[in-house]
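For reference, the structure is listed below as structure tokens.
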Amino acid sequence: MTYKPLEDSFLIQKYVKKYAYGSVLDMGTGTGILAKTAARNKKVKKVLAADIDEAAIAYCKNTIRSKKISFVVSNLFSNLKGTFDTIIFNPPYLPEHPDEDKDVARAVSGGKKGYELIALFLNQTGKHLKTKGNILLLFSSLTNKGIVDKLIEDNSFVFEELDTQKFFMETLYCYLIKKNQVLEHLKRRGLKNIEFLARGKRGLVYTALYKRKKVAIKIRQSKSKAQERIENEATWLKKLNKHDIGPKLLFAGKDFIVYRFVEGTFLPEFIELHNAPIIKKAIADVFWQCYQLDKIGVNKKEMHHPVKHVIVDKKPTLIDFERTHKTANPKNVTQFVQYICSMEKQLFVKSVVFNTLTLRRRAQSYKRYMDEAHLQEIIDEL
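Number 200 in our numbering belongs to position 200 of the sequence shown; there are no gaps in the numbering.
This is the structure we're talking about:
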């Protein structure tokens, strides 16, 4: 089913005129309005117009006369090969309606929530977009802008909001999307199979292979207001690795760090999965690492709630040093005592029994002397 172009087509059309160049793919071409617009651009060499609907492709073949344009029936990239300088996508973006006709749904619905088709597109686009290529994407506030923004970054892209257009019930967004050049730089340095792993408050984490070993990559989120956090973490990892603290730093740059991937589980899950002797050994190891940080006058931060900051395999590894700083009043051990006290019920179930009042008194004594003897008193209390 093919619809006449409406406001969404006209909005993205403005930017096809400006940004389309080289080899162009018009995904979900419909009536072919964007393919025709691209073909008129002198910077465009050729256009491939693709659509899942055979009727739409037949319509375009019968109504469009341009030597630059060729046509193909394809469900996203299922029938496409090669790479493109520009990929245009004005997808169906509305959430599904249970009473919708199937043909109508295919033309206007982007999935149950509205963004599922965009998610599939972004997941497959990287291998078909040239290193310096552009994606022009249009979607609606009904699609969920926040989700779309995350999908873009999770798939190793960065974006610029080119334009918006408001209607009574929705806002249209037109984005210019490019490959993340930090990750592209790392590919040129030999990293392979880069895949999204996790999103933190300030950074994005990917995994990759480097010299046949698994590594982690952290880059700054494009919208993060925290400046120089990545550089700070790299600086401290280099120093703390000398004390056997943190994942092994391999190399770093202005906007990225690459370190040896840490296998294992986060501390709360580790506690759920193991018995008392193993749990006590792991907790003691974390306390000794916190003590090392205290002795060199460093505050890691977050140790009062290190849910995602300690990974345990054969031994615990502290991760995420973005906020680490030098201090005359380090609090790593006492903060970790605070966390252990908050976990009293979970630890009791695993037969790790202690008195929180006594443990807090031990922490106060440690704070006064900050030596091994008082640290051991804390550990012995568990």
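Here a beta-carbon is modelled for each residue, glycine too, at the ideal position from N, C-alpha and C. All values derive from a computational prediction rather than experimental measurement.
Note that the C-beta distance between E272 and I257 is not below 7 Å.
Annotated three-state conformation of H325 is strand, per DSSP. In this structure, DSSP gives Y259 an extended state, which the three-state scheme calls strand. The C-beta of M303 has 16 or more other C-beta atoms within 10 Å across all chains shown, which makes the residue buried. When the alpha-carbon of I379 is set against those of P95, A208, I87 and Q289, the nearest one is in Q289. In its chain, beyond the 5 residues on either side, P5, S9 and Q13 have a beta carbon closer than 8 Å to the beta carbon of I33.
Straight through space, the alpha carbons of V44 and T83 are spaced by roughly 14 Å.
For N123, the enclosing alpha helix (DSSP H) begins and ends at E116 to T125. Remark: fewer than three beta-carbon pairs, one from each stretch, lie closer than 8 Å, so the region 261 to 269 and the region 293 to 303 are not flagged as touching. T356 has its alpha-carbon roughly 45 Å from the corresponding atom of Y210.
For N332, the secondary structure class from DSSP, reduced to helix, strand or coil, is helix.
Cβ-Cβ separation between L204 and Q181: approximately 14 Å, too far for a contact (criterion under 8 Å).
Rounded to whole angstroms, the gap between the alpha carbons of Q124 and K179 is 13 Å.
Spanning the alpha carbons of I311 and L249 requires a straight line of approximately 16 Å. Shortest Cα-Cα distance from F251 to any of I217, L172 and D53 involves I217. It is roughly 20 Å from the alpha-carbon of R361 to the alpha-carbon of K295. The Cβ neighbour count for F167, taken over all protein chains shown within 10 Å, is under 16; the residue is labelled exposed. Of K314, I88 and H309, the smallest CA-CA separation from C174 is found for I88.
Secondary structure note for Y291: its alpha helix (DSSP H) is the uninterrupted segment A276 to K295. In the displayed model, V352 falls within coil according to three-state DSSP, outside both helix and strand. If you look at T86, you'll find it in the beta strand (DSSP E) that goes F84 to F89. As DSSP reads the structure, V148 sits in no beta bridge.
Between Y115 and L151 a beta carbon distance of about 7 Å is seen, short of the 8 Å cut, so the two are scored as contacting. The criterion of a C-beta distance shorter than 7 Å is satisfied by D26 and A49. Under the DSSP definition of a beta bridge, N134 partners with T86.
T29 carries a coil assignment under DSSP once its states are collapsed to helix, strand and coil. In this structure, E381 sits near F354, with a CB-CB distance shorter than 7 Å.
For I379, the enclosing alpha helix (DSSP H) covers residues E372 to D380. Taking a C-beta distance under 7 Å as the contact criterion, K345 and A276 do not qualify as a contact pair. Here DSSP, grouped into helix, strand and coil, assigns A216 to strand. No residue range can be given for N241, since it is assigned to no beta strand (DSSP E) and is classified by DSSP as neither H nor E. Taking 7 Å as the cut-off, the Cβ atoms of P91 and G133 do not count as close.
For Q181, the uninterrupted alpha helix (DSSP H) run begins and ends at Q181 to R188, by DSSP.
Secondary structure in the region 3 to 62: the alpha helix (DSSP H) runs of 4 residues or longer, each lying completely within the stretch, are 7 to 19 and 33 to 39 in chain order.
With respect to S23, K46 sits close: the two C-beta atoms are nearer than 7 Å.
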